[in-house]
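Engineer:
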Ligand code: 5AD
Ligand code: SF4
């Protein structure tokens with residue numbers, strides 16, 4: 022590699038989950054601290070960070086095609102060559118291969134090592150390519166700069182990694198073992214986020230409800246304790262958390278849903294399948310029945326809770342009868358919204374080499390049927406909200422003049438017209454439900 026001029030502008034492109042969004046924001050803050058500015062809209066950046074996701078198929082191919090779209094033979098059409106960093110879970114899983122196959126890439130950095138990005142940029146400028154996929158004992162968080170200005174909604178990673186080893190999933194390999202960030206660090210970061218403008222914080226973790234820590238008095242607490250602590254921040258209006266595992270849905274966390282007003286009535290609790298046989302083969306440590314029993318308790322604590330989940334269709338060995346069990350579970354729950362995926366064999370995971378992989382056309386058909394059922398329930402949930410009055414946190418301007426967009430407590434997108442400002446909490450009456458959003462009107466005159 023040749024020496025290059027130090028980059029003046031950067032762009033971070035994040036794919037996949039919300040934790041990648043958070044990591045992308047933190048990398049941007051790190052680069053900004055080095056005096057590198059975000060590239061203006063529509064302008065090419067000197068440094069491009071591809072913050073990748075490895076959860077499903079063709080992740081690596083997607084990275085190579087993204088690189089190909091950025092540069093041909095290391096150059097853009099205008100003859101310049103950006104510095105390219107590949108970050109995220111594909112970097113972790115396939116870093117060496119990326120280095121070998123993509124000479125245009127000068128930095129490969131895993132999700133636990135990105136605090137070292139500035140040093141890697143300096144190396145790249147000096148003409149040295151660098152790869153760092155360590156999972157160091159010291160965490161990256163201590164090395165990251167303080168939070169800058171943020172929007173009304175912010176993410177806060179409280180826990181990373183996974184010890185559950187579902188047989189289809191790469192996360193335990195790419196993100197490593199479950200680690201909880203210390204309570205004091207989280208309390209500080211949350212306070213800074215609120216000072217920087219956040220009115221809603223979403224606590225993030227691959228298994229966020231596995232978070233454990235000690236409060237300021239040294240008492241052992243779980244996620245509910247952290248939520249209660251953050252709820253005491255006067256200018257923080259809303260708390261959410263995602264994503265959870267049924268095995269870590271403790272009584273104390275369920276109780277918090279009934280007791281902490283700032284904890285929003287929304288729970289994303291992936292189930293993956295409604296068939297106990299498949300759940301066992303997935304190594305999910307819960308049955309359909311035990312999952313439904315958890316939801317009953319959550320509903321008892323917070324009757325208006327909106328439920329969300331994740332599903333995989335076509336896991337190896339899934340029969341028509343297993344799939345019917347999934348549809349039955351969907352009917353039993355009545356989800357407000359869900360994510361559903363075709364099973365994708367991930368190299369190195371136990372399920373990838375299981376017998377009875379399911380043909381693509383069967384998966385397609387099952388996914389269509391499942392999504393039809395989930396869409397039906399989402400529409401029903403939205404339709405049932407019409408007529409309710411609720412608080413909406415205004416997140417941004419809409420496409421039409423005078424229009425604003427925000428979220429209901431149940432995480433529905435809501436649009437309305439009138440006087441408002443970003444970050445304001447407004448009382449709205451939900452008046453009509455579309456497929457993906459609701460319209461609403463102000464219940465009170467805007468306060469100046
Ligand atoms: N194939 C398909 N979907 C997967 N997920 C995780 N691994 C796979 C896979 N190999 C889905 C699960 C998980 C969500 C984040 O992605 O539903 O909850
Ligand atoms: Fe993957 Fe299962 Fe861990 Fe979720 S709980 S990250 S699906 S291994």
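Residue numbers (the numbering used here): 22 to 469. Note that the Cβ used here is the ideal one computed from N, Cα and C, for glycine as well.
Does the Cβ of residue 456 have 16 or more other Cβ atoms within 10 Å, making it buried, or fewer, making it exposed?
Structural biologist: Label assigned to residue 456: exposed.
Engineer: Beta-carbon separation of residue 84 and residue 73 under 7 Å?
Structural biologist: Cβ atoms of residue 84 and residue 73: closer than 7 Å.
Engineer: What residues are listed by DSSP as bridge partners for residue 359?
Structural biologist: Paired residues: 330.
Engineer: Between residue 266 and the ligand SF4, is the CB less than 6 Å from at least one heavy atom?
Structural biologist: Residue 266: yes, Cβ under 6 Å from the ligand SF4.
Engineer: Taking DSSP as the reference, what is the three-state secondary structure of residue 67?
Structural biologist: Three-state result, residue 67: coil.
Engineer: Near the ligand 5AD, which residues have their beta-carbon closer than 6 Å to a heavy atom?
Structural biologist: In chain order, the hits are 76, 77, 189, 190, 291, 293, 331, 333, 362, 364, 365 and 367.
Engineer: Check each candidate in 431, 98 and 424 and name the one with the smallest Cα separation from residue 441.
Structural biologist: Closest option to residue 441, Cα to Cα, is 424.
Engineer: Using the DSSP secondary-structure output, state which residues sit across from residue 232 in a beta bridge.
Structural biologist: The partner list for residue 232 (beta bridge, DSSP) is empty, contrary to what the question assumes.
Engineer: Could you tell me which uninterrupted alpha helix (DSSP H) segments, each at least 4 residues in length, are contained entirely in the stretch 174-250, listed from first to last along the chain?
Structural biologist: Taking only runs of at least 4 residues, the alpha helix (DSSP H) segments lying wholly in the stretch 174-250 are 192-195 and 204-216.
Engineer: May I ask you to report which of helix, strand or coil DSSP gives residue 436?
Structural biologist: Three-state DSSP puts residue 436 in a strand.
Engineer: Would you kindly work out how many angstroms separate the C-alpha atoms of residue 266 and residue 40, rounded to a whole number?
Structural biologist: Distance between the alpha carbons of residue 266 and residue 40 is about 16 Å.
Engineer: Who are the near neighbours of residue 128 in its chain, counting only those whose CB is closer than 6 Å to its CB and skipping five residues on each side?
Structural biologist: Contacts found: 106, 141, 145 and 151.
Engineer: Let's test the definition: count the other Cβ atoms within 10 Å of the Cβ of residue 287 and tell me whether it reaches 16, buried, or not, exposed.
Structural biologist: Buried, since its Cβ has 16 or more Cβ neighbours within 10 Å.
Engineer: Are there 16 or more other CB atoms within 10 angstroms of the CB of residue 35, so buried, or fewer, so exposed?
Structural biologist: Residue 35 comes out buried.
Engineer: For a quick check, are the C-beta atoms of residue 188 and residue 371 less than 7 Å apart?
Structural biologist: Yes. Within cutoff.
Engineer: Could you check where the alpha helix (DSSP H) with residue 287 kicks off and where it finishes?
Structural biologist: Here residue 287 belongs to no alpha helix (DSSP H); instead the beta strand (DSSP E) covers 287-289.
Engineer: Just checking residue 183 against the ligand SF4 - is the residue's beta carbon closer than 6 Å to any of the ligand's heavy atoms?
Structural biologist: Yes, since a heavy atom of the ligand SF4 falls inside the 6 Å radius drawn around the Cβ of residue 183.
Engineer: Evaluate contact between the stretch 343-352 and the stretch 291-307, counting only Cβ atoms and requiring at least three cross-stretch pairs below 8 Å.
Structural biologist: Yes, the stretch 343-352 is in contact with the stretch 291-307.
Engineer: Does the beta carbon of residue 38 fall short of 6 Å from some heavy atom of the ligand SF4?
Structural biologist: Residue 38: no, Cβ never under 6 Å from the ligand SF4.
Engineer: Starting from the N-terminal side, write out each stretch of the beta strand (DSSP E) that is 3 residues or longer and does not extend beyond the stretch 358-400.
Structural biologist: Here the runs fully enclosed are 358-363.
Engineer: Measuring CB atoms only, is the stretch 174-191 touching the stretch 209-228, in the sense that at least three cross pairs come out at less than 8 Å?
Structural biologist: These segments touch.
Engineer: If you draw a straight line from the alpha carbon of residue 48 to that of residue 136, how long is it in whole angstroms?
Structural biologist: When rounded, the distance between both Cα atoms is 8 Å.
Engineer: Would the stretch 448-463 count as touching the stretch 298-309 if we require 3 or more Cβ pairs under 8 Å?
Structural biologist: The answer is no - the stretch 298-309 does not touch the stretch 448-463, with fewer than three Cβ pairs under 8 Å.
Engineer: Can you find the residues in the same chain that come closer than 6 Å, C-beta to C-beta, to residue 28, ignoring five residues on each side of it along the sequence?
Structural biologist: Hits under 6 Å: 57, 67, 68 and 104.
Engineer: Could you tell me if the beta carbon of residue 187 falls within a distance shorter than 6 Å of some heavy atom in the ligand SF4?
Structural biologist: Within the cutoff, so yes.
Engineer: For residue 26, which of helix, strand or coil comes out of DSSP?
Structural biologist: Residue state, collapsed to three classes: coil.
Engineer: With hydrogens ignored, establish whether the beta-carbon of residue 113 is closer than 6 Å to any heavy atom of the ligand SF4.
Structural biologist: Outside the cutoff, so no.
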